[in-house]
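If you want my numbering, it's the 1-based position in the sequence shown plus 18.
Every residue gets a Cβ at the ideal spot worked out from N, C-alpha and C, and that includes glycine.
On a predicted model such as this, the values are computed, not experimentally measured, just so you know.
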Amino acid sequence: MNMFKAVFLIFALFSLCVIAPGWVGAVDSQEFQSIHKLAKQGDSEAQRVLGEAYAAGYLVTADRDQALKWLSLSAYQGNATAQMSLASLYAKMGQKDKAEHWLETAKRNGCIGAARSVSEMGLNSL
């Protein structure tokens, strides 16, 4: 499967993991400030939302480094949705090994979309 199809698949299946309340598209600027404060305090879900905001350029200027920072902090705490987002971001950046790592990690943490991505991308050897 070529990289374009893999990235498309990751983004399509990512939606299966984005079911938690507080998704990036549902916050306004005041709530965003509260989320930023919680993220700085170590809240995994707030870190995920902040990372996705930076990745998408929602309420902030898009910033890949900040997206990687916040998504990584959340992912390392075991947030499967952040792990899937991080895999998507790495795939978009062309870093297949890191994308595969985070897809597999999200799969182990119960993200159905990641499990399907791993299977369909032929990454079962991980």
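Check	Outcome
Start-to-end residues for the alpha helix (DSSP H) that takes in Thr79	Looking at the DSSP string, Thr79 is not in any alpha helix (DSSP H), and its letter there is neither H nor E.
Sequence-distant residues of the same chain with beta carbon closer than 7 Å to Ser92, five excluded per side	Ser62, Gln65, Arg66, Gly69 and Ala100
Residue range of the alpha helix (DSSP H) that includes Gln113	First-last for Gln113: undefined, no H or E at that position.
Contacting residues, own chain, Cβ-Cβ under 6 Å from Ala124 (five flanking each side not counted)	Ala98, Gln101, Met102 and Ala132
Assigned exposure category for Glu49 - 16 Cβ within 10 Å defines buried	exposed
Euclidean distance between Cα positions of Arg82 and Ala73	6 Å
Same chain only: Cβ atoms within 7 Å of Ser90, ignoring 5 sequence neighbours per side	Leu104
Coil, strand or helix - Gly128 by DSSP	coil
Assigned secondary structure, Pro39 (DSSP; H/G/I helix, E/B strand, else coil)	For Pro39, the predicted model reports a pLDDT of 37, less than 50, meaning its position is unreliable and no value from the coordinates is stated.
Buried or exposed by the 16-neighbour rule on C-beta atoms within 10 Å, applied to Ser47	exposed
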